[in-house]
Amino acid sequence: MDIDSRIADLAGPAAQEAGLVLDEVRVSPAGKRTKVVVTVDLPEDSTGSADLDAVAAASRAIGAALDEADVPSTPYVLEVSTPGTDRPLTERRHFMRARTRVVELAVAGETVTGRLVDVTGDTLELDIDGTTREVSLAQVDKARIVVELKRLD
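Next comes the structure, spelled out in structure tokens:
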């Protein structure tokens, strides 16, 4: 088992203790140390942003789990964060978390921008200027959240 997978196995339950889910683990050399970047997020049925207290609790729990298992076995720097708004939406769970947000999709050479209302099965429901449009996840080539300076309540 590679180091990323081993850390993911330890970090997942620790993140869950804080009410978050493990999104990604990246391990890279950083001088004489190892840099461990763990990305956590809210569960897919949630909207909004992860609370800083929850991220801090996850960080403490993940650090304790790694130390207890002595993984990695060399000195390391742990960085626990949430995915940024510029993260590409590549999986169904990413779209689930993006509900209520404006998204930009590349679909068959066309750019489609609208508010993501819901994800039902593998179908995205967008509100585009008051008109509903459904897009199959399989049709989406690229997707991202559009940063809004003034969000809807």
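Okay, so the sequence shown: first residue is 1029 according to the numbering used here, each after it adds one.
Where is the CB? At the ideal position from N, CA and C, for every residue including glycine.
For residue i, which residues in the same chain have their Cβ closer than 6 Å to its Cβ, ignoring the five residues on either side in sequence?
i, result
"Ala1042", "Ala1089, Ile1090, Ala1093"
"Val1140", "Leu1133"
"Ile1156", "Gly1142"
"Pro1071", "Val1049"
"Asp1113", "Per the sequence shown, residue 1113 should be read as Thr rather than Asp. Within the same chain, Thr1113 has close Cβ partners Ile1173, Val1175."
"Thr1159", "none"
Starting from residue i, trace the alpha helix (DSSP H) in both directions and tell me its first and last residue.
i, result
"Gly1091", "1080-1097"
"Ala1043", "1031-1045"
"Arg1120", "1120-1125"
Measure the beta-carbon distance from residue i to residue j and round it to whole angstroms, keeping in mind my assumption that it falls under 8 Å.
i, j, result
"Leu1152", "Glu1162", "7 Å"
"Leu1165", "Arg1120", "6 Å"
"Val1108", "Ala1082", "Contact doesn't hold; Cβ gap of about 10 Å is too wide."
"Phe1123", "Leu1144", "7 Å"
Which residues in the same chain as residue i place their Cβ atom closer than 8 Å to its Cβ, once the five residues preceding and following it in sequence are excluded?
i, result
"Asp1069", "Leu1048, Val1049, Asp1051, Ala1078, Thr1110, Pro1111, Arg1125"
"Pro987", "Because the chain is modelled from 1029 through 1181, residue 987 falls outside the range shown and cannot be assessed."
"Tyr1104", "Arg1061, Thr1062, Lys1063, Val1064, Leu1094"
"Pro1100", "Ile1031, Ile1035, Val1055, Thr1062, Val1064, Leu1094"
What is the residue span of the beta strand (DSSP E) that residue i lies within?
i, result
"Asp1157", "Here Asp1157 belongs to no beta strand (DSSP E), and DSSP marks it neither H nor E."
"Lys1060", "Unbroken run through Lys1060: none, as it is neither H nor E."
"Val1105", "1104-1109"
"Arg1143", "1138-1148"
"Val1175", "Where Val1175 is concerned, there is no enclosing beta strand (DSSP E), given that its DSSP letter is neither H nor E."
"Ala1166", "Premise fails: Ala1166 is in no beta strand (DSSP E) and is neither H nor E."
Let me know if residue i comes out buried or exposed under the rule of 16 or more other beta-carbons within 10 Å of its beta-carbon.
i, result
"Val1055", "buried"
"Ile1035", "buried"
"Val1131", "buried"
"Ala1136", "exposed"
"Leu1154", "buried"
"Leu1080", "exposed"
Please return the same chain residues whose Cβ sits closer than 7 Å to the Cβ of residue i, not counting the five positions on each side in sequence.
i, result
"Ala1097", "Leu1038"
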